[in-house]
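Since the structure comes first, as C-alpha cells, the remarks are kept for the end.
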Amino acid sequence: MRPRDIVLVTALLLAAAGPWTARADEARTRQIVAALDPLRRALTVCTVDRIAQSRDSGQTAEARADRALADCGDKATDLRAKTTELLGPQAAARLMARLDAETRAALVESARLLGSDAVRSGGAAGWPRVLTDRDGPSPAPGERQP
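Numbering-wise, the sequence shown is residues 1087 to 1232 according to the working numbering.
Structure below.
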C-alpha cells in the first residue's frame, strides 16, 4: 500500500467511527449525569432548606448563602468525590469550581428574594420550586422538563 492509500484508509475509518464515537460520548455523558444527579439534588435540597430556615435571621443574603453552603458541606464533599471519580481530578476541579460559584450566586439571589418585602406580604412567588427525587430524574442536558 502506498502512503497516500494508508492516509485515505485511515481517514475513511475515522469518518466511519465518527458517529459511533459521538453516540458513545453521548451515552457516557448520560451515565455521568445520572450518577451525579442524586448527589446534586441532595446538595440543592439541603442548601435551599437552610436558606429557608434562615429567613428571619437578620443576616445578609451573602451570609445566609455562605452558612447554607457550610452547613451542607458533607453533601458538596460527596458530589465532589463522585465527580472526581467519574471525570478525573482536573475536569472535576473545573466543574466543581463553576458549580460552587453558580450555586452561591443562586443562593444569594434566592435569599434576597425570600427576604424581600413583597415575598413576606405574599405579593410575589417567594420560593422557586426545587425538584426532589419524588419528581423523578432530572432531564438530561438539552432535554425539556415536563
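By construction, the Cβ of each residue, glycine as well, lies at the ideal position given by its N, Cα and C atoms.
- Ranked by Cα distance from aspartate 1186, the first of Arg1136, Leu1129 and Leu1200 is Leu1129.
- Within the model, the alpha-carbon separation for aspartate 1123 versus valine 1194 is close to 22 Å.
- In this structure, the alpha-carbon of threonine 1115 lies about 36 Å from that of serine 1140.
- About 6 Å separates the beta carbons of arginine 1126 and leucine 1165, which is inside the 8 Å limit, making them a contact pair.
- The Cβ-Cβ distance between alanine 1154 and threonine 1170 does not fall below 9 Å.
- Annotation: glycine 1144 is outside any alpha helix (DSSP H) and is labelled neither H nor E by DSSP.
- By the neighbour-count definition (other C-beta atoms within 10 Å, threshold 16), glycine 1201 is a buried residue.
- Apart from the 5 residues on each side of it in sequence, alanine 1147 sits with its Cβ closer than 6 Å to the Cβ of Val1194, Ala1197 and Arg1198 in its chain, given in chain order.
- The beta carbons of aspartate 1157 and arginine 1136 sit closer together than 9 Å.
- Boundaries of the alpha helix (DSSP H) harbouring glycine 1201: 1175 to 1201, taken from the DSSP string.
- For alanine 1178, same chain residues with a beta-carbon under 6 Å away, outside a window of 5 residues either side, are Thr1169 and Thr1170 in chain order.
- Around the beta carbon of arginine 1150, 16 or more other beta carbons lie within 10 angstroms, which makes this residue buried.
- DSSP, reduced to helix, strand and coil, places cysteine 1132 within a helical segment of the structure shown.
- Restricting attention to Ala1192, Leu1181 and Glu1188, the CA atom closest to the CA of isoleucine 1118 is found in Leu1181.
- Excluding residues up to 5 positions away in sequence, nothing lies with its Cβ nearer than 7 Å to the Cβ of aspartate 1152 in the same chain.
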